[in-house]
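Protein chains in written order, with the working numbering: chain A, 139 to 254; chain E, 71 to 189.
Every residue, glycine too, gets a C-beta built ideally from N, C-alpha and C.
Take a look at the structure set out below.
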Amino acid sequence: DGGITQSPKYLFRKEGQNVTLSCEQNLNHDAMYWYRQDPGQGLRLIYYSQIVNDFQKGDIAEGYSVSREKKESFPLTVTSAQKNPTAFYLCASSIFGTSGGVNEQFFGPGTRLTVL
Amino acid sequence: AQKVTQAQTEISVVEKEDVTLDCVYETRDTTYYLFWYKQPPSGELVFLIRRNSFDEQNEISGRYSWNFQKSTSSFNFTITASQVVDSAVYFCALSEANMFSGGYNKLIFGAGTRLAVHP
Numbered sequence: 139d140g141g142i143t144q145s146p147k148y149l150f151r152k153e154g155q156n157v158t159l160s161c162e163q164n165l166n167h168d169a170m171y172w173y174r175q176d177p178g179q180g181l182r183l184i185y186y187s188q189i190v191n192d193f194q195k196g197d198i199a200e201g202y203s204v205s206r207e208k209k210e211s212f213p214l215t216v217t218s219a220q221k222n223p224t225a226f227y228l229c230a231s232s233i234f235g236t237s238g239g240v241n242e243q244f245f246g247p248g249t250r251l252t253v254l
Numbered sequence: 071a072q073k074v075t076q077a078q079t080e081i082s083v084v085e086k087e088d089v090t091l092d093c094v095y096e097t098r099d100t101t102y103y104l105f106w107y108k109q110p111p112s113g114e115l116v117f118l119i120r121r122n123s124f125d126e127q128n129e130i131s132g133r134y135s136w137n138f139q140k141s142t143s144s145f146n147f148t149i150t151a152s153q154v155v156d157s158a159v160y161f162c163a164l165s166e167a168n169m170f171s172g173g174y175n176k177l178i179f180g181a182g183t184r185l186a187v188h189p
């Protein structure tokens, strides 16, 4: 079945440690995204990538890094520079829209990160 | 600036009641897209609908219906005869279309409305 997988589902990190969240999709989508969700709030964009080896910062990129070496994969690293990393992280992907159209994004199951 | 407001933080209904979730948006663009997503307790966002700014027809899909009114910048979502399985957080989102961005634009999400349907 086509879809987006994220691992792990739950992740615990000690302060000062970097941690990498995995996101893989087999939908053959061009664009991939990382969002952060805090309790009672909507999703905020961290990074996005439209093609392999290219990515752009979203609204809250500080303290995070990404790579896009393969079309299927878009891992997110939460670095020790991220001051408040405890949150729910969601990965998404979409097909490029043509002629200015915007297509829906499909989401993975998420990773809940807790900093101890 | 783009903004999406979901004024209802939480709604509680009894099964079989109809419920409407409000969404009000702000944008300066004339071409834009609106979305609704459902987030069940499992956490994954499920896509429900996409509507572009040129299509003001209301849409119905089973027990779900959407009312898009450009005059009031609203895109409200109604669940008819609600069921316990409808319990979730529902997000409304906005994206402006841009001919120069290769079809990509970020989604601006509202804060979400938590719907609890009780037996």
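Determine, using beta carbons only, whether TYR185 (chain A) and PHE193 (chain A) come nearer to each other than 7 Å.
Within the first sequence, residue 185 (chain A) is the residue found at index 47, counting from 1. Within the first sequence, residue 193 (chain A) is the residue found at index 55, counting from 1. Contact flag set, yes.
My parser needs the beta strand (DSSP E) runs of 3 or more residues fully inside the region 115 to 167 of chain E; what are they?
Complete beta strand (DSSP E) runs here, min 3: 116 to 122, 129 to 131, 134 to 139, 144 to 149, 158 to 166.
Which residues mark the beginning and the end of the beta strand (DSSP E) in which LEU177 (chain E) is found?
Translated into the one-based positions of the second sequence, residue 177 (chain E) becomes position 107. Taken as a continuous stretch (DSSP letters only), LEU177 (chain E) belongs to no beta strand (DSSP E), as it is neither H nor E.
Could you tell me whether the Cβ of LEU181 (chain A) comes closer than 7 Å to any Cβ of chain E?
Here residue 181 (chain A) refers to the residue found at position 43 of the first sequence. Closer than 7 Å: yes.
Exposed or buried, ALA219 (chain A), counting other C-beta atoms within 10 Å across all chains shown (16 or more means buried)?
For the purposes of this step, residue 219 (chain A) is taken as the residue at position 81 of the first sequence. Of the residues assessed, ALA219 (chain A) falls on the exposed side of the cut-off, its CB having fewer than 16 other CB atoms within 10 angstroms.
Below 7 Å on C-beta distance, what does GLY140 (chain A) contact in chain E?
Position 2 of the first sequence, counted from the start, is the residue given in the question as residue 140 (chain A). Simply none; closest approach about 14 Å.
Note down, in chain order, every chain A residue with its Cβ under 7 Å from the Cβ of PHE105 (chain E).
For the purposes of this step, residue 105 (chain E) is taken as residue 35 along the second sequence, with counting starting at 1. In chain order: GLU242.
For GLY154 (chain A), is the classification buried or exposed, using 16 other Cβ atoms within 10 angstroms of its Cβ as the cut-off for buried?
Counting from 1 along the first sequence, the entry for residue 154 (chain A) is found at position 16. That one is exposed.
Can GLN144 (chain A) and CYS229 (chain A) be called in contact, C-beta distance under 7 Å?
In the first sequence, the residue the question calls residue 144 (chain A) occupies position 6. In the first sequence, the residue the question calls residue 229 (chain A) occupies position 91. Taking the C-beta atoms as reference points, CYS229 (chain A) is found nearer than 7 Å to GLN144 (chain A).
Could you name the residues of the region 106 to 137 of chain E whose beta carbon sits closer than 7 Å to any beta carbon of chain A, in the order they occur along the chain?
The residues in question are SER112, GLY113, GLU114, LEU115, PHE117, ARG120.
Please report whether the beta-carbon of PHE245 (chain A) lies at a distance below 7 Å from any beta-carbon of chain E.
Along the first sequence, read from residue 1 onward, the residue named residue 245 (chain A) stands at position 107. PHE245 (chain A) has a beta carbon lying within less than 7 Å of a beta carbon in chain E.
On the DSSP letters alone, give me the boundaries of the beta strand (DSSP E) that ILE233 (chain A) sits inside.
Residue 233 (chain A) sits at position 95 when you count from the first residue of the first sequence. According to the DSSP assignment, ILE233 (chain A) belongs to no beta strand (DSSP E), since it is labelled neither H nor E.
Does PHE179 (chain E) get closer than 7 Å to chain A when you measure Cβ to Cβ?
To locate residue 179 (chain E), count along the second sequence from 1; it is residue 109. PHE179 (chain E) counts as touching chain A.
Which residues bound the beta strand (DSSP E) around ALA169 (chain A)?
Looking up residue 169 (chain A) in the first sequence gives position 31. ALA169 (chain A) -> beta strand (DSSP E) spans 169 to 175.
Neighbouring residues, chain E, relative to LEU228 (chain A) (Cβ below 7 Å)
On the first sequence, residue 228 (chain A) is found 90 positions in, with the first residue counted as 1. Going along chain E in sequence order, the residues near LEU228 (chain A) (Cβ under 7 Å) are LEU115.
From the DSSP output, read off the bridge partner residues of SER187 (chain A).
Translated into positions along the first sequence, residue 187 (chain A) becomes position 49. When beta bridges are read from the DSSP output, SER187 (chain A) appears opposite A:MET170.
Does the region 146 to 161 of chain E touch the region 78 to 93 of chain E, meaning 3 or more C-beta pairs lie closer than 8 Å?
Contact between the region 78 to 93 of chain E and the region 146 to 161 of chain E is present: 3 or more CB-CB pairs across the two stretches fall below 8 Å.
Extent of the continuous beta strand (DSSP E) run through ASP192 (chain A):
Within the first sequence, the letter at position 54 stands for residue 192 (chain A). Residue range 192 to 195 is occupied by the beta strand (DSSP E) that includes ASP192 (chain A).
Listed from N- to C-terminal order along the chain, which residues in the region 78 to 106 of chain E have their beta-carbon within a distance smaller than 9 Å of any beta-carbon of chain A?
Cβ contacts with chain A: THR79, THR101, TYR102, TYR103, PHE105.
Can you tell me the Cα-Cα spacing of ARG121 (chain E) and SER143 (chain E), whole angstroms?
Taking the second sequence and counting its residues from 1, one reaches residue 121 (chain E) at position 51. Taking the second sequence and counting its residues from 1, one reaches residue 143 (chain E) at position 73. Spanning the two alpha carbons is a distance of roughly 13 Å.
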